[in-house]
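Reviewing the structure listed below.
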Amino acid sequence: MPALVCLAFCKSLVVIGTTILIFLVVLKKITNLVFRAVDKHSISGKHVLITGGSSGIGKAVAIEAIKRGAHVTIIARDEKKLLKAVEELKQAVPNPKFTQFVEYVSVDISKDYEKIREALVPAQDKCGPVYMLINCAGMALCGTLEQMSMQDIKTVIDLNLYGTIHVTKALIEGMKQRGRGDIVVTASQAANLGIYGLAAYTSSKFALKGFAEALYMERGNYFSTLGLESFMLTTLSAGMSPIVNIQDTLIQAFLMGPLRIVAIYLHFTFDNIVKKCRKAQ
C-alpha cells in the first residue's frame, strides 16, 4: 500500500512539473518571438561551413542556410556523396539570378589537423571567410563496453569529439580577429544523460558539452534546445554551466527541484526497460 501511495504521489508531481514546464516553455517561445525581430542574425551573403553536410542533419541545415541566402560549404569524407549533395543543395538556391556559392571539401576531420586546416583554405578563398561554423559530423556505434573493440571506441570519439575540435580550432582564430562569427556544436540528449549501450557515444557528447562551455568562457553564447525533453535535460544539468541570461537562469533555479522528481521517474522507467531486455536475452 505505501508503495502505491508513493507511486501516485510521484505521478502527481510529474503532472504538476510537466504543466509548469509547458507553461514556461510557451512563455519562453513567446519572448523569443517578440525579440527575434530586434536581435536577428542574417546569414545572407555570408559563408556558412557545415561538417557532416552530405547527409542527415548536416544536409538539412545546409539546405536551410542556402534558403536564407548564405554561401555554403559542406564537409564529409565520401566525395561521391558530397557531389550528390551539392547538386541537391543547388536546387534550394532561392534566386538563381544572384551568385550563391555551394562548395564541398572532402576530408576526414577526425585525423590530421594540419591537413584539415589547409583543406579549408580554397573554400574560404572563393566564398569568403567563414562566418558560421556548424559542427554536425558524428556517428554512433552501439554495444556494451565489453562488446566494443578499442578501435570502435576510438573511431566514435575521434569523429564526434576531435572532428569538432579540429575544424573549430582551424576557424576560431580568424573569427576572433574579425570580431564576428558563430560556432554551433551539435551534441544530443546524450550530452546530459548516460545511455545504455552507448558508452563511447555518450562520452564523446559529454566532452562536447564541456568543450562548448569552455569556448563560451573564451567568447560566445551557450545553450540551445530542441523539444521538451532537451529543455528538461538542459535545465536539470545546468549546474555550473555558464549563465546565458536572467530569464533562463530563473527558469533553471525554479524548475531544477521539480524536474529532479520527473528525472527519477524516467530513470526508474529506463532501468525497467533494460532489466526486461536482459531477462529476454
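Taking my numbering, the leading residue of the sequence shown gets 15, the next gets one more, and so forth. C-beta atoms are modelled at their ideal positions from N, C-alpha and C, and glycine is treated no differently. Here the structure is a predicted model, which means the values were calculated and not measured.
From the listed residues GLY142, CYS141, VAL119 and LYS140, the smallest Cα separation to ARG131 is found for VAL119. The Cβ-Cβ distance between HIS85 and HIS61 falls below 8 angstroms. ASP196 has MET146 as its beta-bridge partners, per DSSP. The beta carbon of LEU147 sits closer than 6 angstroms to the beta carbons of LEU63, LEU185 and ILE197 from its chain, once the five residues preceding and following it are set aside; these are given in chain order. Residue burial annotation: ALA74 is exposed, with fewer than 16 other C-beta atoms found within 10 angstroms of its C-beta. Across the structure, ALA151 and GLY67 are spaced so that their CA atoms are roughly 7 angstroms apart. Secondary-structure assignment with DSSP links ILE89 through a beta bridge to THR65 and VAL119. By the 16-neighbour rule on beta-carbons within 10 angstroms, LEU159 is exposed. In terms of Cα proximity to LEU212, the closest of LEU222, VAL170, CYS291 and ILE89 is VAL170. For the pair ILE88 and GLY70, the CB atoms are not nearer than the 8 angstroms cut-off.
DSSP places LEU212 in the strand class (E or B) of the three-state scheme.
In the three-state DSSP reduction, GLY188 falls in the helix class (H, G or I). Secondary structure of GLY59 (DSSP, three-state): coil. GLY59 and PRO272 have their C-alpha atoms roughly 45 angstroms apart. Between GLY83 and GLY195, the alpha-carbon positions lie close to 16 angstroms from each other. Note: GLY157 is bridge-paired with LEU212 in the DSSP secondary-structure output. Counting only residues of its own chain and dropping the five nearest sequence neighbours on each side, LYS98 has no CB closer than 6 angstroms to any other CB.
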